[in-house]
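S.K.: Just so we're on the same page, my numbering is the position in the sequence shown counted from 1, plus 8.
We put the CB at the ideal spot given by N, CA and C, even for glycine.
Note that the structure is a prediction, hence the values are computed from the model and not measured.
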Amino acid sequence: MHKLFLFLVLFSFCQKEILSQNADSVAIDKHPILTDRYRVNMGFFVNLKSISMNVDGDLPSNPIDFGQTLGLSRQENTFNLNFDWRFSKDKKWVFGFEFFTVRNSQTATLEDEVKWNNTVFPGGVILDTGFDIEMYRIFFGRVISMGQKHELNMGIGIHAMNIHTFAVATAYIGGIDFELETDKKKIDALAPVPNIGFSYLYAPNLRWGFEANVGWFSLSIGDYSGTLWNLEPSVSFQVFKNVGIGVGYKYFKAKVNMNRDIWRGAADLLYQGPLFSISGNF
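#1: Let me know the secondary structure DSSP gives Asp291 once reduced to three states.
#2: Around the C-beta of Phe248, are 16 or more other C-beta atoms found within 10 angstroms, so that it is buried, or is it exposed?
#3: Strictly by DSSP, which residues pair up with Ala168?
#4: Using the C-alpha atoms, what's the distance from Gly217 back to Glu106?
#5: Compare the C-alpha of Ala116 against each of Asn85, Glu84, Arg82, Phe74 and name the closest.
#6: Would you grab the beta carbon distance between Gly293 and Val102 for me? Rounded to a whole angstrom, and I think it's under 8 angstroms.
#7: In the DSSP assignment, find the beta strand (DSSP E) that holds Asn250 and state where it starts and stops.
#8: Could you tell me if Thr178 is buried or exposed, where buried requires 16 or more neighbouring beta carbons within 10 angstroms of its beta carbon?
#9: Beta-carbon separation of Gly104 and Asp120 under 8 angstroms?
#10: Who are His158's beta bridge partners in DSSP?
#11: Ordered along the chain, which non-local residues of its own chain (more than five positions away) have a Cβ less than 7 angstroms from that of Ala211?
#12: Excluding five sequence neighbours on each side, which residues of the same chain lie with their C-beta closer than 7 angstroms to the C-beta of Leu56?
#13: How big is the Cα-Cα spacing for Phe139 and Leu214?
#14: Give the range of the beta strand (DSSP E) segment to which Gln280 is assigned.
This is the structure we're talking about:
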């Protein structure tokens, strides 16, 4: 009887050890993007952009296509930064931060009249214009499904778009029969747009990882209203234990309407193109 009891105790202990070893093996066999607490992605976003906006002031205006009307380049290479932190003890709560910026300016001769922030620029004017945007994304999410090779997250966040734009007339071709304003018309505005997001990670082995991020929202809050889509599928390859490389495609579309003293109007933005990155995880 004592031998049987001793056998059962020994068997129970061995079983616990085997389960513990199997659990450790499972954790070891998981791809780092599914287990590591910190992950940083730095890369270049080769984007094709479309910018359309209107600034009403006291005068109603029609949207201006910055590419077609003002000749701004439609292609831009820009730096992109993404940081994820599994901040809870069980690594199920995630904080995310993303940043990219696009800066461009152009000189163009207007073919048609343009209304801009209480100023009318007639056809024939040589106009200096610029448009810069700094895009910040802060996101809080939670793992809602996880397995040996996959993970699904859902959360909420905010896109804060810091928009800087200006227009100034430098010359007028033809007879001048009116007084032309040549002051630099500048607008700086911070447009916050909340969003709901999902991210899905799939890692079939320790080297390859596939990821898809989706963000969307449509809302009106106070002086702001707008819609937003943010889509980003990507594939990564783990070169070393803590270093990987990746390629993806980024699609960011936002329309923001504002009714404020500094800006009564709207901005319609589209950025899309391939994203090449290097990542660190630890």
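M.R.: Taking the definition as stated:
#1: Residue 291 is absent from the model: the chain starts at 9 and stops at 290.
#2: Locating residue 248 in the sequence shown gives position 240, counting from the first residue. Classification for Phe248: exposed.
#3: Here residue 168 refers to the residue found at position 160 of the sequence shown. DSSP lists Tyr144, Pro200 as partners of Ala168.
#4: As a working note, residue 106 is residue 98 in the sequence shown. As a working note, residue 217 is residue 209 in the sequence shown. Rounded to the nearest angstrom, the two C-alpha atoms are 20 angstroms apart.
#5: Walking along the sequence shown from the start, residue 116 turns up at place 108. That would be Phe74, whose Cα lies nearest to the Cα of Ala116.
#6: Since the first and last residues shown for the chain are 9 and 290, residue 293 lies out of range.
#7: Residue numbering aside, residue 250 sits at position 242 when the sequence shown is read from its first letter. Here Asn250 belongs to no beta strand (DSSP E), and DSSP marks it neither H nor E.
#8: The sequence position of residue 178 within the sequence shown is 170, counting from 1. Thr178 should be labelled exposed.
#9: Residue 104 sits at position 96 when you count from the first residue of the sequence shown. Residue 120 sits at position 112 when you count from the first residue of the sequence shown. No, the pair does not count as a contact, with Cβ atoms beyond the cut-off.
#10: Mapped onto the sequence shown, residue 158 falls at position 150. Per DSSP, Tyr210.
#11: Within the sequence shown, the letter at position 203 stands for residue 211. These residues qualify, in order along the chain: His39, Ile41, Leu42, Lys157, Gly217.
#12: Residue mapping note: residue 56 aligns to position 48 of the sequence shown, counting from 1. Correct list, in chain order: Arg82, Gln83, Gln280, Gly281.
#13: Start at 1 with the first residue of the sequence shown, and residue 139 comes out as number 131. Start at 1 with the first residue of the sequence shown, and residue 214 comes out as number 206. One C-alpha to the other measures close to 43 angstroms.
#14: On the sequence shown, residue 280 is found 272 positions in, with the first residue counted as 1. That run of the beta strand (DSSP E) goes 272-289.
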